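There are 2 protein chains.
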Amino acid sequence: MNKASLSRLLAAALAAAVLAPAAAHAQDRVVTPTRLYAAYRDRADSLIDAALADSSAYQRLGTLVDRFGHRLSGSRSLEDAIDWIAAEMRRDGLENVHTEPVMVPHWVRGEESAELVSPRRAPIAMLGLGGSVATPAGGITAPVLVVGSYEELERRAAEARGRIVLFDVPFTEYRETVRYRGGGAVAAAKVGAVAALLRSVSSGSMRNPHTGSTRYDTTVARIPFAAVSVEDAMMLHRMQDRGDRPTVKLVMNAQTLPDAPSRNVVAELRGSERPNEVVVLGGHIDSWDVGQGAMDDAGGSVAAWQAVLLMKKLGLRPRRTVRVVLWTNEENGTRGGLAYRDQHRAEVPNHVLAIESDNGVFKPSGFAFSGPDSALFMVRQIAALTDRIGSGTVTTPGGEADIGPIMALGVPGMGLSVDGTRYFWYHHSQADMLDKLDPHEMALCVATMAVMAYVAADMPERIPMGTPQAAAR
Amino acid sequence: MNKASLSRLLAAALAAAVLAPAAAHAQDRVVTPTRLYAAYRDRADSLIDAALADSSAYQRLGTLVDRFGHRLSGSRSLEDAIDWIAAEMRRDGLENVHTEPVMVPHWVRGEESAELVSPRRAPIAMLGLGGSVATPAGGITAPVLVVGSYEELERRAAEARGRIVLFDVPFTEYRETVRYRGGGAVAAAKVGAVAALLRSVSSGSMRNPHTGSTRYDTTVARIPFAAVSVEDAMMLHRMQDRGDRPTVKLVMNAQTLPDAPSRNVVAELRGSERPNEVVVLGGHIDSWDVGQGAMDDAGGSVAAWQAVLLMKKLGLRPRRTVRVVLWTNEENGTRGGLAYRDQHRAEVPNHVLAIESDNGVFKPSGFAFSGPDSALFMVRQIAALTDRIGSGTVTTPGGEADIGPIMALGVPGMGLSVDGTRYFWYHHSQADMLDKLDPHEMALCVATMAVMAYVAADMPERIPMGTPQAAAR
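Respectively, the protein sequence lines represent chains Y and V.
Numbering that gives the first Met the number 0 puts the first residue of the first sequence at 0, with every later residue one more than the last.
Numbering that gives the first Met the number 0 puts the first residue of the second sequence at 0, with every later residue one more than the last.
Shown next as structure tokens:
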């Protein structure tokens, strides 16, 4: 017995031990773990081996992003990419390939720039934030007030009037730091600022600014809001600390146009016994309007697509339907995920599991899951089948933006967990290009999603739904 | 005896053992290593401790680069920075502070851009190479031929006529890869290309292109030459590999103006016994016209300056003169180093040692040295005094660009060796900003240079000259 086989057996035994108490309470719904492991070991290995045998997923991703570039909601490149994907899916022989209409926000960046005009003149690396209003023609030139937090802005509120407030908040974790991208314009407007700047939400920078969406509220004026590079934010902060009084000119011609038509892309492998029960997996096909959106999230989209294609190629048609969905408009609206929920509301109770990859197709470690405990036990058993490639761990809670709406209705859901070291170096920036991903790591993601989706769709017992709302992230 | 003291003694003993045969041949010139070590231990510790006691070197560097920005030869910001530095040196109480005139090349970038126009339109991240000619008004639009080497260009010479040749050469080491930056335009012109592009010479990229100088020769037409980001080069290469035929529009308005006046900055601590003998140390104060030139090489310049200031502050006036020189125009002409040689030709034989820091003030490991063996043995003894901070290693060969001209005349010379992991991530790009350097690491560089310069200037025996030419790198 080799080491890998031993560790598989140990993993299965461990899963059995963990599951034992739950199984006692829910014997009729939960399969015996060791039986599940044994039943699917060969098919899981086929999927893994086929995924790792070549770099076809990466090649397809490269063709997609090099041919169409980035894909912001409302853009021609997004719709062209969707047309191409649907055509390729049909050529692949996937079933029920179609698109589903979604009206999406249509924000366009236009010409934009930021310049330090005093104490010296120098260009500032910037990207307007998605949804921001424009500056007046001719821009806004004003002294900058740099603050390190909302608390500091509150303390220095009296200094903010008529100035451009820069939030220079060092990256800690995304969830924490991104609060300033979401709420910075409103907070700055409340204290009388004429515009706002944000230190890019990034864990490593080579002066590449990072965009992303922001929001306004109805209580204060909408002021222009842009991200500047980490380096520029630090420089402006140092200038202020030295007693210099940096002045910046900000020019933004952003526009929010009427909502535009877009589409979710759908393809299936219909189930052999229970075609009305569905495992849905996917990523989002839209991106920001910089770089190629290769990591965020063409990679996740293509990985999900290739996972389903792999089943077809190996002749592994599961009992339930496996459905790949490439959602549109995750970045600035989540309209794709909402439209999927609305268009499929009647069949939501038939959704056995929802899987999304939206953290970059880096080296996978498993999934982050939310759903009932009995479902958690079941997906942990399935995940043990990818232990041999290091991606057998299921943590909680979990989920992703596009599957959030159906998870809120009780569908158990999971996001692919990957090595996050470099994600926020490239995220929403010009650096999000194909070369940041690795063919082997992407193949590992394909394998991990394929095994999870296939077994969840094929195993005799269905994964149980949770309670509506309670399962929301 | 603590561990650090023990390692110091061991280092000294080892140095003595290594030195023994040479000492036998040159007893009258070489001091006894253990005596040198013992004689300077306390003063070396004072310099090290003072350098590490605060972040004043880093603060000064920050003031310099934030106030003046980048400093290309011929620019106002370079001359303003030089004025400010000379004034600060006088305020520091350094001696014989003055500037020495140097005529420098005056290349200006102007407006420039590159755009993929087929198979789709997309901006390409680029920086014209220093010295490049402009495109005609309206730019050059042509299909691209991507090659991976000069050899491939030769094989595909017939395909190059009328095209833009892109050298997509992955970074191996600088010396190897930079050959394409230097010679790419000439090689491409020889086979009839209308312009040339270069994959940036960089070991890690977030789509930040890297500039640097290029050259022409008299045998072929001067064609425009620009660096593109690593990401863009890889994308164009992939497109070609797929059978697409990428077409690029290149626009460059670069100009080479008549030579402009600049200056080397000089300051001294005059020797107490042999003031005519000189240890010179420095960096180059000019930079490329992107980022802040903080790493390359304001950091080395300020570290050398602060090393001399440290001696003054501690009352450590050496027997010989210690001279800090901030050379101008290292980047695109080395005119500062040549002018220093020419203006000081008569006293070159009195130069005991030349030290330059031009690899970024990252964590130092010691020096890379070229000079006679007897000189090598002496500087290795001195270097042992900085073993306690990890920077006691002297390797061969060594030197730097600005001290090259006097090294060619026989002056022993050394470059500061540092952790090079990140240097070619930022080098000659917009990312070369203050935040890439660390206050403590910079202080270690100051300490390392201060100890080497002070002891070389103060030790009873002088470090011997080499033979002219033979000592050249």
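We put the CB at the ideal spot given by N, CA and C, even for glycine.
Computed from a predicted model, the values in this text were never measured in an experiment.
Contact check for Phe376/V and Leu415/V: beta-carbon distance about 20 angstroms, past the 8 angstroms limit, so the pair fails to qualify. A Cβ-Cβ separation of about 19 angstroms leaves Thr394/Y out of contact with Ala446/Y under the 8 angstroms criterion. As for any alpha helix (DSSP H) of minimum length 4 sitting wholly inside the segment 350-382 of chain V, the runs are 372-382, ordered along the chain. Beta-bridge analysis with DSSP links Trp106/V to Thr255/V. Sequence-ordered contacts of the segment 191-218 of chain Y with chain V read Gly203, Ser204, Met205, Arg206, Asn207 [C-beta pairs closer than 9 angstroms].
The continuous stretches of beta strand (DSSP E) do not include Ile84/V, which lies in the alpha helix (DSSP H) extending over residues 75-90. Annotation: Cβ neighbours of Glu230/Y in chain V (cutoff 9 angstroms, chain order): Gly290, Gln291, Gln429, Ala430, Met432, Leu433, Asp434, Lys435.
Taking a beta-carbon distance threshold of 7 angstroms, Gly147/Y does not count as an interface residue toward chain V. A distance below 7 angstroms separates the beta carbons of Arg262/Y and Thr98/Y. Look at Pro142/V here: in three-state DSSP terms it is strand. Inter-residue distance for Val168/V and Glu267/Y is about 42 angstroms (C-alpha atoms, whole angstroms). Within chain V, no C-beta atom comes nearer than 9 angstroms to that of Arg340/Y; the closest sits roughly 33 angstroms away.
Closer than 8 angstroms at the C-beta level to chain V, one finds these residues of the segment 53-64 of chain Y: Gly61, Thr62. Within the segment 227-314 of chain V, complete beta strand (DSSP E) segments of at least 3 residues are found at 246-251, 254-268, 273-283, given in chain order. Residue contact check for Met233/Y against chain V: a CB pair falls below 7 angstroms. For Thr210/V, the secondary structure class from DSSP, reduced to helix, strand or coil, is coil. Chain-order list of chain Y residues neighbouring Ala124/V: Gln429, by C-beta distance under 7 angstroms. Residue Arg160/V holds the alpha-carbon nearest to the alpha-carbon of Ala187/V among Val301/V, Thr171/V, Ser199/V, Arg160/V. Rounded to the nearest angstrom, the gap between the Cα atoms of Pro135/V and Gly292/Y is 34 angstroms. In summary, Asp457/Y is buried, with 16 or more beta-carbon neighbours lying within 10 Å of its beta-carbon over all protein chains present. Below 8 angstroms, too few C-beta pairs join the segment 278-288 of chain Y and the segment 114-122 of chain Y to call them touching: fewer than three.
In this structure, Ala442/V is the residue among Pro438/V, Leu337/V, Met88/V, Ala442/V with its C-alpha nearest to the C-alpha of Ser390/V. With respect to Val277/V, Thr246/V sits apart: the two C-beta atoms are not nearer than 7 angstroms. In the DSSP assignment, Ala188/V falls within the alpha helix (DSSP H) that extends over 173-189. For the pair Glu460/V and His350/V, the Cα-to-Cα distance works out to about 13 angstroms. With respect to chain V, the C-beta atom of Arg237/Y has a partner C-beta closer than 7 angstroms.
Here the alpha carbon of Thr176/V sits roughly 54 angstroms from the alpha carbon of Val410/Y. Partner residues in the beta bridge of His97/V, as assigned by DSSP, are Val265/V.
Between Asp216/V and Asn331/V, the alpha-carbon positions lie close to 16 angstroms from each other. Within chain V, the residues placing a beta-carbon under 7 angstroms from that of Ala121/Y are Gly68, ordered along the chain. Fewer than three Cβ pairs drawn from the segment 303-322 of chain Y and the segment 140-148 of chain Y lie within less than 8 angstroms of each other, which leaves the two stretches out of contact. A residue is called buried when at least 16 other Cβ atoms come within 10 angstroms of its Cβ; His439/Y does not meet this threshold and is exposed. Annotation for Thr62/Y: the continuous alpha helix (DSSP H) segment containing it runs 55-67. Under the three-state reduction of DSSP, Pro169/Y is assigned to coil, being neither helix nor strand. Annotation for Leu337/V: the continuous alpha helix (DSSP H) segment containing it runs 334-342. Counting C-beta pairs with one atom in each stretch, the segment 350-360 of chain V and the segment 394-408 of chain V have three or more that are closer than 8 angstroms, which means they touch.
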